[in-house]
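Novice: Okay, handing you the structure first.
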Amino acid sequence: MRSRIPKVLHTLAGRAMIDHVLDALAGAGVTRPVVVTGHEADAVEAALGGRAITARQVPQRGTADAVRKGLAVLPDEAGTILVTMGDAPLQPSELFTALLRQQTEADTVLTLVSAFVDDPAGYGRIVRAADGRATAIVEDRDADEETRRLREVNVGTYAFDGTWLREAIARVGESASGEFYMTELVALAVADDRGVGVLLADDAAEAMGINDRVVLAAAEERMHRRIAETHMRNGVTIVDPGTTRIDAGVEIGQDARIEPWTILEGVTVIAQDAVIGPHAHLRDARIGPRTRVWASVVEESTVAEDVHVGPFAHVRPGSEVGPRCRIGNFAEIKNSRLGAGTQQHHFSYLGDAEIGSNVNIGAGSVTANFDGVAKHRTVIGDGAKIGVDTMMVAPIHIGEGSTTGAGSVVTRDVEPGAKVVGVPARPIKIRKEVGSPPPDGR
Amino acid sequence: MRSRIPKVLHTLAGRAMIDHVLDALAGAGVTRPVVVTGHEADAVEAALGGRAITARQVPQRGTADAVRKGLAVLPDEAGTILVTMGDAPLQPSELFTALLRQQTEADTVLTLVSAFVDDPAGYGRIVRAADGRATAIVEDRDADEETRRLREVNVGTYAFDGTWLREAIARVGESASGEFYMTELVALAVADDRGVGVLLADDAAEAMGINDRVVLAAAEERMHRRIAETHMRNGVTIVDPGTTRIDAGVEIGQDARIEPWTILEGVTVIAQDAVIGPHAHLRDARIGPRTRVWASVVEESTVAEDVHVGPFAHVRPGSEVGPRCRIGNFAEIKNSRLGAGTQQHHFSYLGDAEIGSNVNIGAGSVTANFDGVAKHRTVIGDGAKIGVDTMMVAPIHIGEGSTTGAGSVVTRDVEPGAKVVGVPARPIKIRKEVGSPPPDGR
Amino acid sequence: MRSRIPKVLHTLAGRAMIDHVLDALAGAGVTRPVVVTGHEADAVEAALGGRAITARQVPQRGTADAVRKGLAVLPDEAGTILVTMGDAPLQPSELFTALLRQQTEADTVLTLVSAFVDDPAGYGRIVRAADGRATAIVEDRDADEETRRLREVNVGTYAFDGTWLREAIARVGESASGEFYMTELVALAVADDRGVGVLLADDAAEAMGINDRVVLAAAEERMHRRIAETHMRNGVTIVDPGTTRIDAGVEIGQDARIEPWTILEGVTVIAQDAVIGPHAHLRDARIGPRTRVWASVVEESTVAEDVHVGPFAHVRPGSEVGPRCRIGNFAEIKNSRLGAGTQQHHFSYLGDAEIGSNVNIGAGSVTANFDGVAKHRTVIGDGAKIGVDTMMVAPIHIGEGSTTGAGSVVTRDVEPGAKVVGVPARPIKIRKEVGSPPPDGR
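Here it is in structure tokens:
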């Protein structure tokens, strides 16, 4: 990978490779996963966050040696043991399920996964007898010309009879380079005349490990296609699946429409009939029915039903936008709550604010929430009309139904129904007069 | 489709499937289209907006029953009758033209369209005699193993001798499930010894109907490629056709350049040598020669020649931007007219405004066009210099060649050539003085 | 191409076709390139900017005539002469290197490049003798049916023995249409019994010329894939190579991550561990380690290490952003320098400004740098706190550690440590008081 990041921590669709493998194993009913680490073991163990038992292989002396280290931390029980690679994140649960079933039902001591590839160079070839039984895995370097031409290769995923594995692992011989290889176990099973099963993977590209970033990008593409197809079959319209990136954990309701160049990340949930994109980026966002998010960013926030967001709006973490709100171009919201029907059509900033229903936020308005030391809250009551270019110097409370004049700098609380204007803003009598500007630049 | 939206109203390249089919029929000279509706008939009829006669099939008793309902509303004339499916929107006019020609020129009573597909499961197979003549369509459920292996399938598009069709439709027998199938008509034509013609579609993917959203997305991709290729062959550079989405009705001039991640929707017209994108989104926009629209949104507006828009600008509906204007980042224009050479480089909002030529709009300036009840207009004369952070409280008229000071709140009309400053803004003598800030933040 | 732009000036990955060809020739050690121009000769010569000797072909009388014109301006030396087409920009250096080697090592007088294509219509076919030697190139129009079926075609790239070429070119006969064709040289070499070598290109799509914009778009896609793969193999993560556009000259450090829908143009340099995109557009930008540029535009500017830019920020030409700065949504910077740790989180404009370290720029703040005639500079000292909606009327100097109030219009220099408020802004005593608003809307 030419990377300082451990390979299994490179991500696909928002999750580390190793997490995809553990997800698929969990999906196949593997209950006690063990991860054997070597290179950058600290980083890998930290990333696992306790979801697997770990064992360290120091020094790294080959795949069979890694299995030995793994067995050492696993309770000595009977049953089937599955061994796979942390860098093969596209292997589906179904492959593991099929492998476990085949090994359990067969009278063999191991079953391995094979795949047909166009370019087998570098892989161990599966050698089969006339009756189809696998008789050996021959490493590329040891293969004669005829064997080299075989295109069925060893993927690196196995299921073992646990009792046999614990016994046989001790018998694996050291290679010339001082390492211990899994393929020796196949040789032992054949020598023991205990039988070797082979499960041929339907789709080689899914079964194989990832060895460089070109393959990583192809795998990412493939995983995104797989996720997009699942959503489409569930009744979501994805206009251009090739340019839409949806993380594995995202939920999307029926008849929602995802427009191109859109990213849905993390634990995002999109309700039915919502329209997201084009050019939208949502992370850990919860979007209500019929809401449209267009060319905008929403992070760690909730947007209720029938809202329009964008284009070019930014809803930052900790925000809640109420039903029927309008969040227009160049609007920024951070850690704020907006009541139903509130309108923020233009460039403006609402931060650390509690905003009522049917409030109108004029263009250029700002909650001045930071005094250079701490953040303070702004509270705006229902139906208030915040005039264009109003500066609200927090902590401050702007009363229900009140109005602020264009260009006002509000430094003191505003009474309900009052109107304030000027720099700093002062209350004026509520009557139509010259100099009392309208409040909005909708 | 797993959708509450009727299938034929799902869209491709900005138009409902059924509209694409009607467009292609019109292109082939079909003058009296009839749409037979069933599921969600009200919604489909409303969407058609009168472009076809409609007939309802209640209850839905099979395809031949639908044709019977259609014939009931069609004047009883001689001639050829074409029957096709509303969910096969990629069928080109050329296919219908060829089908009509073949049926008209042949002595058969019907001609059907076939296609070779990789996976024929679920489709009716075309059975041919040794001489190549079609002898039957065998439904998948009725097919024996040999027939099941046939890969030539019935697309569902037919041309009939109208006189024969009207007579034969009454003879179609009821199936075990109580339905009436089109394929029975083929059997009747064979039984009548009247001959069945087959037109093999060149491109199966174009001929076939859409049955789920995965296929819908593939069809959308295909239609966009088709549109993009037509423009490219006409002399438009489309840098990345795979990530450019151009609606069917869009016009683009020679040597215009469409950059990636761009959407051109509706009745958009792009003049020659314009550069649109990357990241642009235009809907019902008319763009002049040599104008560049970059990472911006233009809706229902006209932008003249030699204008720069963007990045991150938003021209909202009802706007007209004059020649040589500069509309910069975070600029918003709504329902406004800008004269030649006017500059709005920075974040600011112009709404319901009439702006002259060579006007300079300072950063942060806003037309406060809404008083909480109604919208009012702002008029700015030629050559005016609107200082940074100027609030223009509409209705208001800012005279030709006048200047507003930084941070001014303009609540009264400004005389031509005058300069106003302050909150609210008042005229000052025009001489160079401390406190008379320059007008722009270009 | 249906274009008013000369074909060889159409661009791929940010460079004209002809420049790609000259780059590949230079990479193969061709030291004295000659470009023969015809159509739009002035434009092509201007675009070359002196990187090749040029010769004009007026009138245009065929390819061999063009070579004659080229030879006329080339010093009369021995050695190998390579002839290729300016519209075949995907030909790699390796192809030219292999061609020159083959011609130099062989005893032939010319070697030509061939390719196998699916649709050979329109191309000259390579006719070979039983021993594999090429015996003729037969133009499509002159080919009999058998020859027409040959799928090995003449690409249009040749290496010649220079001495022979100079002698033979005079012998090329005029065609019926009065033109002189390169293929005649092949006939002459065969007639002279001097032997014709053929180098079969591995990849026809790379070898062939570009004849319309559909092929141009495919070539652009291919070149971008090639560039992306090179970066990936060097240790860069490119999440979606299909929707990432990286110009030929861009440098990217190890473990940098390029997110989708991103353009890197010109002489852009990205340091290791930087994260660029999604939706980013960089042109001639230099980005430091660990810096993130998200959904933003950076032009002709330098951004140091550990900076966050975006989403929706615009760094315009001539800017330098210091380490650990935060440039947030709707922030615009033009021709300005920002010191380390300075924060500009919200909509605001900094132009022609010199800004110290750890400065806080409040939402809505603007440097009013243009007085309608000239641009003036703003200087802000370290640790200053620029309050929300502060207008800084340049030329102006705002002292170190000073503070400006919300909505202030600063028209005179501010002393270090002072606080100014109001319109126009005046100093106030530094104590906590009502009416002294906090400076930021972070």
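Protein chains in written order, with our numbering: chain A, 4 to 445; chain B, 4 to 445; chain C, 4 to 445. For every residue, glycine included, the Cβ atom is placed at its ideal position computed from N, Cα and C.
(1) Tell me C/Phe350's beta-bridge partners as DSSP assigns them.
(2) Rounded C-beta distance between C/Val278 and C/Arg295? I'm assuming under 8 Å.
(3) As a quick exercise: from C/Pro427, C/Lys10 and C/Arg152, pick the residue whose alpha carbon is nearest that of C/Ile456.
(4) Would you identify the three-state DSSP class for C/Gly165, choosing helix, strand or coil?
(5) Determine whether the Cβ of C/His317 lies closer than 8 Å to any Cβ atom of chain A.
(6) For a cutoff of 8 Å on Cβ pairs, would you count C/Trp167 as touching chain A?
(7) Across which residues does DSSP place C/Glu170 in a beta bridge pair?
(8) If the cut-off is 8 Å on Cβ atoms, which residues from the segment 369–398 of chain A count as contacting chain C, listed in chain order?
(9) Along the segment 415–436 of chain C, where does the CB come closer than 9 Å to a CB of chain A? Name the residues.
(10) Run through DSSP, which three-state label would B/Pro440 get?
(11) Please tell me whether C/Ala58 and C/Leu25 are closer than 8 Å, where the distance is taken between their beta carbons.
(12) So if DSSP puts B/Lys432 in a beta bridge, which residue, or which two residues, is it bridged to?
(13) Using a beta-carbon distance below 8 Å, is C/Ser339 in contact with chain B?
(14) Note down, in chain order, each residue of its chain lying with its Cβ closer than 7 Å to the Cβ of B/Arg18, except the 5 sequence neighbours on either side.
(15) So what does DSSP say about A/Ala50, is it helix, strand or coil?
(16) Suppose the cutoff is 6 Å on Cβ atoms and the five residues either side in sequence are ignored; what does the same chain contact list for C/Cys328 look like?
(17) Could you check how far apart the C-beta atoms of A/Asp276 and A/Ala259 are, in whole angstroms? I think they sit under 8 Å.
(18) Taking 6 Å as the limit between beta carbons, can you name the residues of its chain near B/Glu323, skipping five residues before and five after?
(19) So, with DSSP's three-state summary, where would you put C/Thr358?
(20) If you count every other CB in all the chains shown that lies within 10 Å of the CB of A/Ser180, and 16 or more means buried, which is it?
(21) Could you tell me the distance, in whole angstroms, from the CA atom of A/Arg7 to the CA atom of C/Val423?
(22) Can you tell me whether B/Ile21 is helix, strand or coil according to DSSP?
(23) For the segment 104–121 of chain A against the segment 157–174 of chain A, are there 3 or more C-beta pairs whose distance is under 8 Å?
(24) Classify A/Phe333 as helix, strand or coil using the three-state DSSP reduction.
(25) Quick test of your reading: B/Lys355 and B/Ala316, contact by CB under 8 Å. State the CB separation rounded to the nearest angstrom.
(26) By the DSSP assignment, the alpha helix (DSSP H) with C/Glu149 in it spans what residues?
(27) Leaving out five residues before and five after A/Glu80 in sequence, what residues of the same chain have Cβ atoms less than 8 Å from its Cβ?
(28) Just to confirm the assignment, what range does the beta strand (DSSP E) spanning A/Arg131 have?
(29) Determine the extent of the beta strand (DSSP E) in which A/Thr40 is found, giving its start and end residues.
(30) Counting C-beta neighbours from all protein chains within 10 Å, is the total for B/Leu203 16 or more, i.e. buried, or is it exposed?
(31) So A/Ala298 contacts chain B; which residues on that side make the cut at Cβ distance below 8 Å?
(32) May I have the straight-line CA-CA distance separating C/Ile129 from C/Gly198, to the nearest angstrom?
(33) Out of B/Val272, B/Tyr126 and B/Pro62, which has the shortest C-alpha to C-alpha gap to B/Pro292?
(34) Grouping DSSP H, G and I as helix and E and B as strand, with all else coil, what is C/Thr294?
(35) By Cβ distance below 8 Å, which residues in the same chain neighbour C/Asp416 in space, the five residues on each side in sequence not counted?
(36) Going by C-alpha distance, which of B/Val253, B/Val70, B/Thr100 and B/Asn332 is nearest B/Thr186?
Specialist: Let's see:
(1) The partner list for C/Phe350 (beta bridge, DSSP) is empty, contrary to what the question assumes.
(2) 5 Å
(3) Because chain C spans 4 through 445 in this model, residue 456 of chain C falls outside it and cannot be assessed.
(4) helix
(5) no
(6) no
(7) According to DSSP, C/Glu170 bridges with nothing at all.
(8) Val369, Thr370, Ala371, Asn372, Phe373, Asp374, Gly375, Lys378, His379, Asp392, Met394, Val396 and Ala397
(9) Val424, Gly425 and Val426
(10) Because B/Pro440 carries a pLDDT of 47, less than 50, the predicted location of this residue cannot be relied on, and no value is offered for it.
(11) no
(12) Answer is none; B/Lys432 lacks a bridge partner.
(13) no
(14) Ala251
(15) helix
(16) Val310, Leu341 and Thr345
(17) 6 Å
(18) Thr305 and Arg340
(19) Residue 358 of chain C is actually Ile in this sequence, not Thr. Three-state result, C/Ile358: strand.
(20) exposed
(21) 50 Å
(22) helix
(23) yes
(24) coil
(25) Before going on, a small fix: residue 355 of chain B reads as Asp here, not Lys. 18 Å between Cβ atoms; not a contact.
(26) Glu148 to Arg151
(27) Gly165
(28) Arg128 to Arg131
(29) Val37 to Thr40
(30) exposed
(31) His284 and Val300
(32) 14 Å
(33) B/Val272
(34) coil
(35) Ile399, His400, Ile401 and Gly402
(36) B/Val70
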